[in-house]
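Numbering (mature numbering (1 follows the signal peptide of the UniProt record, and there is no 0)), first residue to last: -22 to -1, 1 to 334.
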């Protein structure tokens, strides 16, 4: 066996020698890089090229038959781990980063904000205290007054009533109005009067201040044809002192026109309140007069102070023609009914005779 190996080696060397002496030009052999399939070896194989650029010996001139040029590549047989290729290495470079902690910057001290000055709170304006409303006057008390003729001592006028005035007027230098109430006291005095044949009057007076008085004047007039008399006018005079916040310098005159009427020798009576609207000449003062429990009589012929038979106020003021007309109509109706009854009865009797 060893001889066989030796023979093979000898043949190989001889062939190499022959190839080296020939003049045959062998094209360069390409180097084949064998890389394992696993790709784990980066070793470069060693190529051995036989007969490359070999020149024949100067002493040998014999032709040599051309031979194939064999390119033998020897691969490493060792199991050594191939050297690592200068590929990119995973190199970890530790760098020390020095962090400089800056000194803490002190927070800027804010400028002190001045406290807002509160707006002065205005003192609440007290609501004006309204003047206390005047207490309502109590109902007036009725009084009785009369006037007698001094020559004959005949009491020609006799009146009785309870009177209250509600007065409204304009204030001085203002567009507003004011008002007040006053009662005619029952102890007012009949200070003057007249017992004339056609016109009679009586004047009542009561104190308003220490030096002045208010007055009321009732004027009666008679109709000698009809023998009826009536209240012709009613006048009230108020002194300026009773008008507060006014510019009146003289007494204010208020008046009312014709009112009730009654036959002679008969008194006029009205128990419910009777209202009279009074006005002044310039219409700057108006008043309402309320008379209650009223009874009056004028043109009397007696000396006593007792009222004659009374004629009540209201529907009794109808003229006499009205009841006369109503009576006549009722009488005519009765006559018509009676005639119709008699005619009907007469016809019934005639029919009875015919049937027999």
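Ideal Cβ positions, reconstructed from N, Cα and C, are used throughout, including at glycine.
| Item | Value |
| --- | --- |
| Around the C-beta of residue 235, are 16 or more other C-beta atoms found within 10 angstroms, so that it is buried, or is it exposed? | exposed |
| Please report the residue range of the beta strand (DSSP E) in which residue 238 lies. | Per DSSP, residue 238 belongs to no beta strand (DSSP E) and is neither H nor E. |
| What span of residues does the beta strand (DSSP E) with residue 226 cover, start to end? | No beta strand (DSSP E) holds residue 226; DSSP gives it neither H nor E. |
| May I have the straight-line CA-CA distance separating residue 412 from residue 288, to the nearest angstrom? | Residue 412 is absent from the model: the chain starts at -22 and stops at 334. |
| Tell me the rounded alpha-carbon separation between residue 93 and residue 101. | 23 Å |
| How would you write the range of the beta strand (DSSP E) that residue 135 sits in, first residue to last? | 133 to 148 |
| Going by CA-CA distance only, name the one from 252, 267, 198, 237 that's closest to residue 215. | 267 |
| For a test of the three-state rule: what should DSSP assign to residue 292, helix, strand or coil? | coil |
| Take the Cβ of residue 166 as the centre, count every other Cβ of all protein chains shown within 10 Å, and call the residue buried at 16 or more, exposed below. | buried |
| Taking the straight line between their C-alpha atoms, what separation do you get for residue 313 and residue 303? | 16 Å |
| I'd like to confirm the pairing. Which residues does DSSP put opposite residue 156 in its beta bridges? | 147 |
| Just the C-alpha distance for residue 122 and residue 148, rounded to the nearest angstrom, thanks. | 34 Å |
| Quick check on this structure: which residue in 151, 160, 150 has the alpha carbon closest to the alpha carbon of residue 113? | 160 |
| Can you list, in chain order, the residues of its chain with a C-beta nearer than 6 Å to that of residue 248? Leave out the 5 residues immediately preceding and following it. | 272, 291 |
| How far does the beta strand (DSSP E) with residue 247 in it reach, from first residue to last? | 245 to 248 |
| Can you tell me which of 219, 274, 259, 231 puts its alpha carbon nearest to the alpha carbon of residue 207? | 274 |
| How do the stretch 219 to 227 and the stretch 123 to 138 stand: do at least 3 beta-carbon pairs fall below 8 Å, yes or no? | no |
| Could you tell me the alpha carbon to alpha carbon distance between residue 205 and residue 281, rounded to whole angstroms? | 21 Å |
| Rounded to whole angstroms, what is the Cα-Cα separation between residue 286 and residue 326? | 58 Å |
| In the DSSP assignment, the beta strand (DSSP E) including residue 115 goes from what residue to what residue? | Element bounds for residue 115: n/a, residue is neither H nor E. |
| Note down, in chain order, each residue of its chain lying with its Cβ closer than 7 Å to the Cβ of residue 186, except the 5 sequence neighbours on either side. | 192, 217, 219, 220 |
| To which residues does DSSP link residue 173 through a beta bridge? | 178 |
| Ignore the nearest five residues each way along the sequence and tell me which others in residue 240's own chain have a CB closer than 6 Å to its CB. | 246, 289 |
| Provide the residue(s) that pair with residue 165 in DSSP beta bridges, ordered along the chain. | Bridge partners of residue 165: none, in fact. |
| Residues in its own chain within less than 7 Å of residue 196 by CB, not counting five upstream and five downstream? | 137, 179, 180, 209, 212 |
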